[in-house]
Structures are given as C-alpha cells and as structure tokens.
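Report on the structure given below.
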Amino acid sequence: MKHFYMLAAVAALLIMPAASCDKIGGQEDNGDNAYKPLELTTKASSYIQKGNTFTFDFIERINKEVKEDYVISPLSMQFLLGMLLDGANGETAAQIANVLGYGAGEVDEVNKFCLSMLEQLPELDKKTTLNIANAIFVDDGWPLNKSFVSTVGKYFKAEVSNLDFSDNAASLKAINGWSNTHTNGMIPKVLDEVDQRMLAYLMNAVYFKSQWVNQFPKESTIDEAFFYEDGAMGKVKMMKMECELPYYENDLFQLVSMPYGNGAFSMMVLLPKAESYTADIAAYLKKADWNKLRNSPSECKVDVWFPKFESKFKIQLNDILSAMGMPLAFGNADFRAMSPYADCLSFVQQDGAIKVDEEGSEAAAVSVAGMLKNTAVGDIPQVAFFHADHPFIYLITEASTGTVLFAGRYSGK
297 MKHFYMLAAV AALLIMPAAS CDKIGGQEDN GDNAYKPLEL TTKASSYIQK GNTFTFDFIE
357 RINKEVKEDY VISPLSMQFL LGMLLDGANG ETAAQIANVL GYGAGEVDEV NKFCLSMLEQ
417 LPELDKKTTL NIANAIFVDD GWPLNKSFVS TVGKYFKAEV SNLDFSDNAA SLKAINGWSN
477 THTNGMIPKV LDEVDQRMLA YLMNAVYFKS QWVNQFPKES TIDEAFFYED GAMGKVKMMK
537 MECELPYYEN DLFQLVSMPY GNGAFSMMVL LPKAESYTAD IAAYLKKADW NKLRNSPSEC
597 KVDVWFPKFE SKFKIQLNDI LSAMGMPLAF GNADFRAMSP YADCLSFVQQ DGAIKVDEEG
657 SEAAAVSVAG MLKNTAVGDI PQVAFFHADH PFIYLITEAS TGTVLFAGRY SGK
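Its first residue numbered 297, the sequence shown is counted upward by one per residue in the numbering used here.
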C-alpha cells in the first residue's frame with residue numbers, strides 16, 4: 297500500500313499540473329519588518345537546546361499515546377511548567393526542572409530566559425500575530441505567597457485573579473472567557489466546571505496567525521485521495537502549488553519548510569517515505585540533532601500538494617508528564633513556594649486547535665494546571681515532488697532558534 301500511494305501521487309501529477317505559487321513577500325522584506333534573529337545570551341541559547349530536548353520527548357510520547365490527529369504546543373507547556381517550577385521546592389522542583397531539561401539551581405536564569413522569549417517572539421514579524429499570555433485564577437480566601445506572585449508577574453507577566461470558586465458559573469465564565477479572549481475564539485472553553493477542591497488554576501495561552509510567503513492558489517484546490525496508515529483511502533481538499541522552497545530528504549522522510557510573513561516563522565512538514573510511518577519520524581526527531589536537521593534543507597523547486605485542514609485536540613497530561621520524570625508533582629509534592637495551602641497537581645491538560653488553508657495558518661493552545669488545596673505538592677533533485685497524500689508530522693517553528701511553537705500529526709480523518 298505504501299508503494300501504491302506514492303505511484304498514485306505521480307499519476308495524479310500527470311493529469312493535474314500544479315499551479316505556480318503566489319508570493320506575497322518574505323525574507324527579502326526590508327525596512328522595519330526585515331527578518332532578525334532572536335537576541336539571546338550564550339546561556340539563554342543553551343536553554344533553547346534544552347527546551348528542544350523537552351519538545352521532542354513530549355511530541356514522541358503524545359504520538360505514541362494518541363491515535364487520532366493531534367495539535368499541541370510544546371512552547372505553551374514549557375511556560376506552564378516554568379510557572380509551576382517557581383512554585384515548587386526540593387525534589388518536586390528538581391523533577392520539574394529535569395523534565396524541562398534544566399538544573400534545579402538554574403531557576404533564576406530560566407525565568408530570565410522565559411521573559412526574553414515572552415517579549416521577543418511576538419515582535420519578530422509584523423506580518424505575524426503571535427500572542428503569549430499567562431494567568432493564575434485563585435480561590436478567594438486562599439492566598440498565594442507574595443514572592444511567588446511577584447516572580448510570575450515579573451518573568452511570565454502572569455495576571456493573578458481571585459475568584460469565588462463556590463460560584464461555579466461566575467468562575468467558569470472568567471476562566472473560559474480568558475481562554476476565548478487569548479486564543480481569538482479558537483479555544484472558547486477549557487473547563488466544564490470549577491472544582492472547589494482547587495487552590496488555583498495556572499494557565500498559559502499561545503495564539504499564532506500568519507500568511508504563507510508563498511500562497512496556494514485557491515482555484516487549484518481540489519478533492520484528492522489521501523492514504524491512511526492502516527491502508528484505507530479517503531478524500532481531502534488538496535492545495536497545490538509549485539515554487540522554490542527549502543527541501544530535504546533522507547531514507548525516512550521528505551521535508552519541506554513553508555515560511556510565513558517575513559520568514560521568522562515557518563511550518564516544517566515531515567512526510568514519511570514508503571515503509572515509514574509518523575511514529576518513526578517522531579522517534580527520529582527525539583534522537584536527531586535538531587539544529588543540523590532544520591539547517592539541512594536547500595532551496596529547490598518543489599511541487600507541493602498539501603491538505604487544507606482543521607484540527608482540534610484536548611489531552612490530560614498527568615501520565616505523560618509523570619513518565620517524563622515529574623511524578624511527585626501529582627502526589628507527594630512540595631509547592632509551598634507557591635502557597636502554604638498548595639497540595640499537589642490534580643491535573644495538567646492542553647487544548648489545541650489549528651486551521652490551515654491557502655492563505656496561511658491559525659493555531660492556538662491553552663495549557664491548564666489545577667492545583668489542589670492542602671486542607672489537612674540527502675541530495676536535492678531539480679524538482680522535488682512533495683505530495684502530502686498520507687499522514688505526516690508538522691511543526692511551526694521560529695527560524696533563528698528552532699523553537700517549536702506548535703506540533704501535530706495530520707492523518708486525513
């Protein structure tokens with residue numbers, strides 16, 4: 297079946313020539329929207345690599361756990377765990393730091409790094425909307441430590457709001473309303489009810505919207521076959537274009553990078569070759585030299601077929617985060633740096649959504665942690681054919697550091 301879908305893609309090419317791309321601007325932009333890499337200290341740059349180690353471990357575990365399409369934001373989870381780290385002590389803090397790839401004694405430097413990312417990422421491209429927000433909703437009468445509130449306010453710009461959790465309707469309206477506002481309506485609800493056992497809900501939201509540098513002509517989008525990993529076949533709206541794009545391939549996959557705006561951000565799509573699967577790519581990314589891989593593509597003419605799609609996803613992450621190395625946070629935890637009334641995490645969850653069409657992409661994620669009260673812690677061909685007519689992995693990344701904002705698997709269902 298793997299050989300069949302590759303041959304089918306070539307046959308379709310012969311009867312449906314791809315349209316040329318419609319370039320609307322990009323890395324050649326000058327003036328006040330020219331592409332500029334992130335400005336980071338040497339130490340902060342080392343945290344990028346550590347963060348990417350977390351990112352690809354996170355992606356592989358979710359890819360193994362989840363059978364349906366998913367869209368996640370490793371960046372959002374890193375901000376949420378960063379705030380939790382500031383509220384943790386002892387071995388609980390050490391485990392969270394280790395999951396993130398940091399040493400327990402690096403909390404202050406990590407905070408400065410998070411602030412730098414929070415301030416710089418949204419300013420990299422005026423053609424791209426990138427909003428990052430943090431918030432903590434606390435049950436009124438159960439105070440947080442002033443030092444913790446000061447730290448997350450300074451380094452995460454977190455809004456801290458007191459709510460009466462016994463008033464479920466009003467608290468739910470505030471929390472879900474925050475999510476709706478900070479994702480531009482893409483994630484209007486993260487909670488079904490507010491649990492009075494909770495001391496606080498810690499939240500991060502990431503919202504992204506941008507146009508492709510090379511847009512897909514709408515008139516070229518048609519129904520095409522899509523071949524599932526189980527051998528079945530379906531239909532998708534397939535966008536088509538031919539233009540110069542960064543391209544790379546090896547024995548496992550083909551890779552194309554489609555830039556947005558001024559080139560500061562791009563979607564990198566990894567398409568399995570015959571006899572390979574998305575699980576193989578997720579495992580490869582965990583072990584690969586990410587900087588080497590993301591710098592491997594070379595510009596060449598690429599005949600791109602790419603599905604027009606929307607995905608929504610929700611996942612509870614207690615088991616995954618515990619398996620990654622922070623089980624104490626969900627049991628015998630020490631979050632007294634956050635509050636003398638903090639017990640342990642009841643749950644950590646993430647909601648994600650993405651929309652991809654001919655003009656560009658829009659994506660959002662909201663990560664939530666519920667804190668319980670303690671009442672008692674390859675070579676380039678002349679023309680590359682990149683026909684995404686079977687499941688693939690995609691990443692939305694920042695150019696200078698390789699920071700992964702969003703990642704997902706699309707399987708056509």
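Idealized CB from N, CA, C, for every residue including glycine. Given the structure is predicted, the values throughout are model-derived calculations rather than measurements.
For the putative contact between residue i and residue j, defined by C-beta atoms under 8 angstroms, what is the C-beta separation to the nearest angstrom?
{"i": "L498", "j": "I432", "result": "5 angstroms"}
{"i": "D519", "j": "K531", "result": "5 angstroms"}
{"i": "A578", "j": "E361", "result": "Rounded, the Cβ-Cβ distance is 11 angstroms, inconsistent with contact."}
{"i": "G627", "j": "C640", "result": "6 angstroms"}
{"i": "G704", "j": "S553", "result": "With a Cβ gap of about 16 angstroms, G704 and S553 do not count as contacting."}
{"i": "Q374", "j": "L624", "result": "Actually they do not touch by this definition, with Cβ atoms about 19 angstroms apart."}
Rounded to a whole number of angstroms, what is the C-alpha to C-alpha distance between residue i and residue j?
{"i": "F354", "j": "L701", "result": "13 angstroms"}
{"i": "N591", "j": "L551", "result": "11 angstroms"}
{"i": "G397", "j": "F409", "result": "13 angstroms"}
{"i": "A629", "j": "V644", "result": "14 angstroms"}
{"i": "D599", "j": "V434", "result": "52 angstroms"}
{"i": "T349", "j": "D547", "result": "23 angstroms"}
{"i": "A570", "j": "D615", "result": "33 angstroms"}
{"i": "S707", "j": "D576", "result": "15 angstroms"}
{"i": "M660", "j": "T671", "result": "In the sequence as presented, Met is not what sits at residue 660; that position holds Ala. Those two C-alpha atoms are separated by around 35 angstroms."}
{"i": "F444", "j": "A649", "result": "31 angstroms"}
{"i": "E595", "j": "L617", "result": "38 angstroms"}
{"i": "Y301", "j": "E538", "result": "Caution applies to Y301, whose pLDDT of 32 falls short of 50 and renders its modelled position unreliable; the value that the coordinates give is listed next. Taking the straight line from one Cα to the other gives about 20 angstroms."}
{"i": "M413", "j": "A560", "result": "14 angstroms"}
{"i": "L487", "j": "A470", "result": "11 angstroms"}
{"i": "L417", "j": "F504", "result": "11 angstroms"}
{"i": "L426", "j": "V662", "result": "14 angstroms"}
{"i": "K514", "j": "E654", "result": "6 angstroms"}
{"i": "N329", "j": "Y556", "result": "13 angstroms"}
{"i": "L371", "j": "A465", "result": "30 angstroms"}
{"i": "E364", "j": "G347", "result": "26 angstroms"}
{"i": "F766", "j": "S657", "result": "No answer is possible for residue 766: it lies beyond the span of the chain, which begins at 297 and ends at 709."}
{"i": "T447", "j": "S457", "result": "15 angstroms"}
{"i": "V502", "j": "S516", "result": "32 angstroms"}
{"i": "G399", "j": "L589", "result": "26 angstroms"}
{"i": "G473", "j": "E489", "result": "13 angstroms"}
{"i": "L336", "j": "D404", "result": "15 angstroms"}
{"i": "L581", "j": "D436", "result": "44 angstroms"}
{"i": "G527", "j": "F688", "result": "15 angstroms"}
{"i": "K339", "j": "K533", "result": "45 angstroms"}
{"i": "T574", "j": "K442", "result": "46 angstroms"}
{"i": "F243", "j": "H478", "result": "Examination of residue 243 is not possible in this model, given that the chain is present from 297 through 709 alone."}
{"i": "L567", "j": "Y543", "result": "11 angstroms"}
{"i": "L541", "j": "L613", "result": "36 angstroms"}
{"i": "V395", "j": "A389", "result": "10 angstroms"}
{"i": "K597", "j": "V679", "result": "5 angstroms"}
{"i": "G401", "j": "E387", "result": "12 angstroms"}
{"i": "K583", "j": "G481", "result": "36 angstroms"}
Can you tell me whether residue i is helix, strand or coil according to DSSP?
{"i": "W438", "result": "coil"}
{"i": "Y243", "result": "Because the chain spans 297 through 709 in this model, residue 243 falls outside it and cannot be assessed."}
{"i": "I358", "result": "helix"}
{"i": "Q646", "result": "strand"}
{"i": "A429", "result": "strand"}
{"i": "Y690", "result": "strand"}
{"i": "R493", "result": "coil"}
{"i": "G557", "result": "coil"}
{"i": "F272", "result": "There is no way to answer for residue 272, as the model of the chain reaches only from 297 to 709."}
{"i": "A466", "result": "helix"}
{"i": "E364", "result": "coil"}
{"i": "N385", "result": "coil"}
{"i": "A418", "result": "According to the sequence as given, residue 418 is Pro; it is not Ala. Residue state, collapsed to three classes: helix."}
{"i": "K783", "result": "Since the first residue of the chain shown is 297 and the last is 709, residue 783 is not available in this structure."}
{"i": "K604", "result": "coil"}
{"i": "D526", "result": "coil"}
{"i": "K423", "result": "coil"}
{"i": "D599", "result": "strand"}
{"i": "A330", "result": "coil"}
{"i": "Y706", "result": "strand"}
I want to see whether chain B comes within less than 8 angstroms of residue i, judged by CB atoms only; does it?
{"i": "A390", "result": "Among the chains of the structure shown, chain B does not appear; only one protein chain is present."}
Cβ of residue i within 8 angstroms of Cβ of residue j?
{"i": "N368", "j": "F609", "result": "Per the sequence shown, residue 368 should be read as Ile rather than Asn. Yes, the Cβ-Cβ distance between I368 and F609 is below 8 angstroms."}
{"i": "T697", "j": "L420", "result": "no"}
{"i": "K709", "j": "W438", "result": "no"}
{"i": "V652", "j": "F605", "result": "yes"}
{"i": "N430", "j": "A393", "result": "no"}
{"i": "T699", "j": "I344", "result": "yes"}
{"i": "N558", "j": "K423", "result": "yes"}
Check: Is the stretch 631 to 642 touching the stretch 380 to 392, taking contact as three or more C-beta pairs under 8 angstroms?
Finding: yes
Notebook entry, point to check: Three or more C-beta pairs closer than 8 angstroms, one from the stretch 680 to 688 and one from the stretch 402 to 419: is that the case here?
Noted result: no
Next item on the list: Say whether the stretch 688 to 695 touches the stretch 508 to 517, bearing in mind that this needs 3 or more beta-carbon pairs closer than 8 angstroms, one atom from each stretch.
Entry: no
Check: Are three or more beta carbon pairs between the stretch 455 to 467 and the stretch 485 to 498 nearer than 8 angstroms?
Finding: yes
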